[in-house]
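Participant:
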Amino acid sequence: MIDRTIRSSIERLKDARNAVILAHNYQPPEVQEIADIVGDSLELSRRAASTAAETIVFCGVRFMAETAAILSPDRAVLLPDEYAGCPMAEMITAEALRTLRREHPRAMVVCYVNSTAEVKAESDICCTSANAVQVVRSLADVAEIIFVPDRHLGDHVSRQVGRELILWPGYCPTHARIRKADIDRARARYGEVCVMVHPECQRDVRDAADEVLSTGQMCRYARQSSLRRFVVGTEPGLLHRLALENPRKHFYPANPQATCPNMKRTSLEKILWSLQDMAPRIAAPRQVGDRARKALDAMLAVTESCSPT
Ligand code: 13P
Ligand code: SF4
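Under the working numbering, think of the first position of the sequence shown as 25, with each following residue one higher.
#1: Does the distance between the C-beta of E106 and the nearest non-hydrogen atom of ligand 1 fall short of 6 Å?
#2: Going by C-alpha distance, which of L121, T79 and N155 is nearest E334?
#3: Q184 to V160, Cα distance in whole Å?
#4: Would you mind listing the alpha helix (DSSP H) stretches within the region 102-189 that are 4+ residues and don't spill past its ends, in chain order?
#5: Distance, Cα to Cα, N138 vs S33?
#6: By Cβ distance, which residues of its chain are closer than 6 Å to E168, with the 5 residues on each side in sequence left out?
#7: Starting from C83, trace the alpha helix (DSSP H) in both directions and tell me its first and last residue.
#8: Bridge partners for E328 per DSSP, in chain order?
#9: Once you ignore the five residues that flank N155 on each side, which residues in its own chain have a CB closer than 8 Å to its CB?
#10: Should P332 be labelled buried (16 or more other beta-carbon atoms within 10 Å of its own) or exposed?
#11: Buried or exposed: which applies to D301, given that a residue is buried once 16 or more other Cβ atoms fall within 10 Å of its Cβ?
#12: In this structure, does DSSP put G257 in helix, strand or coil?
#13: Report the rounded CA-to-CA distance for D231 versus R71, giving the unit in angstroms.
#14: Sorry if obvious, but does the Cβ on M343 come closer than 6 Å to a heavy atom of ligand 2?
#15: Closer than 6 Å: is that where the CB of E90 sits relative to any heavy atom of ligand 2?
#16: Would you call I26 buried or exposed, if buried means 16 or more other Cβ atoms sit within 10 Å of its Cβ?
#17: At which residues does the alpha helix (DSSP H) containing V229 begin and terminate?
#18: As a quick check of your reading: which residues have a C-beta less than 5 Å from at least one non-hydrogen atom of ligand 1, in chain order?
#19: What does DSSP give as the partner residue(s) for C218 in the beta ladder?
#20: Quick one: using the 10 Å Cβ neighbour count with 16 as the cut-off for buried, is G240 buried or exposed?
#21: Does A303 come out as helix, strand or coil in the three-state DSSP assignment?
#22: Using CA atoms only, rank isn't needed, just tell me which of V229, G84, A145 and V101 is closest to E78.
#23: Which runs of the alpha helix (DSSP H) spanning at least 4 residues fall entirely within the region 26-89, listed in chain order?
#24: Grouping DSSP H, G and I as helix and E and B as strand, with all else coil, what is E224?
#25: Can the beta-carbon of A108 be found less than 7 Å from the beta-carbon of R289?
#26: Just list the residues that DSSP pairs H274 with in beta bridges.
#27: I'd like the span of the alpha helix (DSSP H) that includes H264, first residue to last.
#28: Using the three-state DSSP reduction, which class does A308 fall into: helix, strand or coil?
#29: Count Cβ pairs between the region 271-285 and the region 51-64 that sit closer than 8 Å; are there 3 or more?
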């Protein structure tokens with residue numbers, strides 16, 4: 025009953041503010057349900073870049089809202105919980121990246137979107153987990169490539185593309201909780217299953233899986249596959265969408281405890297308050313934003329031909 029009242033207040037204010045609600049695939053079910061679009065980082069970046077709405081309520085973590093603000097500097101971008109950060113994004117600073125660049129003057133920098141605006145501004149091109157391989161392949165003529173900040177996604181890309189990358193030792197603490205023993209246990213328990221894991225997982229987990237996919241790619245793969253049972257090696261919030269879209273299929277989390285506490289900070293109340301107060305508002309300083317946008321635009325140009333999920 026209370027939820028219903030909050031939901032209708034959100035709908036009313038959303039119209040009044042000409043707002044769109046974007047939610048990442050890891051958001052709590054009630055947040056995914058009220059969102060206009062639920063997707064992975066690439067899908068949400070594209071939507072943020074092309075929306076006609078004046079206000080974007082970004083239900084996700086700070087780097088995602090910041091990316092939306094960089095791509096749409098004239099829109100008001102709201103992050104319902106201002107403390108929803110991403111520990112991986114904090115594992116490298118702009119200063120550290122400048123030092124690394126000085127050590128490798130011939131290198132180009134590929135930067136995972138899970139990073140701050142300042143780090144993106146020091147980079148040549150961004151990528152998400154959905155297009156990282158494609159982005160690095162587009163740099164075939166470049167002598168050296170620095171890949172920051174996720175060492176596991178970087179390792180995955182390096183093996184897919186067949187070239188060495190200079191990696192930064194960042195990682196996702198949530199995906200680090202998924203272990204090879206979880207995959208082995210799930211295979212023993214569920215028998216004939218397809219194991220899908222996120223490229224932020226460690227190498228032995230990726231090697232034990234059948235598919236290594238971004239969250240959006242997992243949704244598409246599960247929809248198109250004739251298989252019925254899937255073990256999902258990523259944040260368990262994704263299972264809500266997978267189950268909704270595939271009512272006849274079964275999805276099991278590789279590790280139900282591998283949750284991202286920051287992604288779970290969003291609630292219906294906080295969405296409502298953010299629309300009432302038009303805060304917390306996320307923006308990148310103009311100069312940093314302009315440089316970061318170049319790296320994001322370079323990514324979007326490379327992956328324009330990517331099919332949507
Ligand atoms: P996706 O882009 O695959 O949704 O991943 C985002 C993320 O933060 C994974 O931890
Ligand atoms: Fe960051 Fe990991 Fe959470 Fe994704 S799941 S937002 S990489 S901490």
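Ideal Cβ positions, reconstructed from N, Cα and C, are used throughout, including at glycine. This structure is a prediction, so every number in the text was calculated from the model and none was measured.
Facilitator: If we stick to the structure as given:
#1: no
#2: Lying before the first or after the last residue shown, residue 334 is absent from the chain, which here runs from 25 to 333.
#3: 10 Å
#4: 118-127, 141-145, 156-161 and 175-185
#5: Each residue's CA atom was taken as its position, placing N138 and S33 some 32 Å apart.
#6: Result list for E168: H128, R130 and A131, in chain order.
#7: Where C83 is concerned, there is no enclosing alpha helix (DSSP H), although the beta strand (DSSP E) it sits in stretches over T79 to C83.
#8: Per DSSP, none; premise fails for E328.
#9: L66, M323, V326, T327 and C330
#10: With a pLDDT of 43 at P332, under the threshold of 50, the predicted position of this residue should be treated as unreliable, though the coordinate-derived value follows. The residue in question, P332, is exposed, as its Cβ has fewer than 16 Cβ neighbours within 10 Å.
#11: exposed
#12: The answer is strand: DSSP assigns G257 an E or B state.
#13: Approximately 33 Å between the Cα atoms of the pair.
#14: Limits of the chain in this structure are 25 at one end and 333 at the other, which puts residue 343 out of reach.
#15: False, no ligand heavy atom lies under 6 Å from that Cβ.
#16: exposed
#17: R227 to A232
#18: Result (chain order): D64, S65, T152, S153, S238 and T239.
#19: F254
#20: buried
#21: coil
#22: If we check each option's Cα against that of E78, V101 comes out closest.
#23: 26-40, 53-58 and 65-74
#24: Three-state result, E224: coil.
#25: yes
#26: R253
#27: L262 to E269
#28: Note: A308 maps to coil in three-state DSSP.
#29: In short, these stretches do not touch, since the Cβ pair count stays below three.
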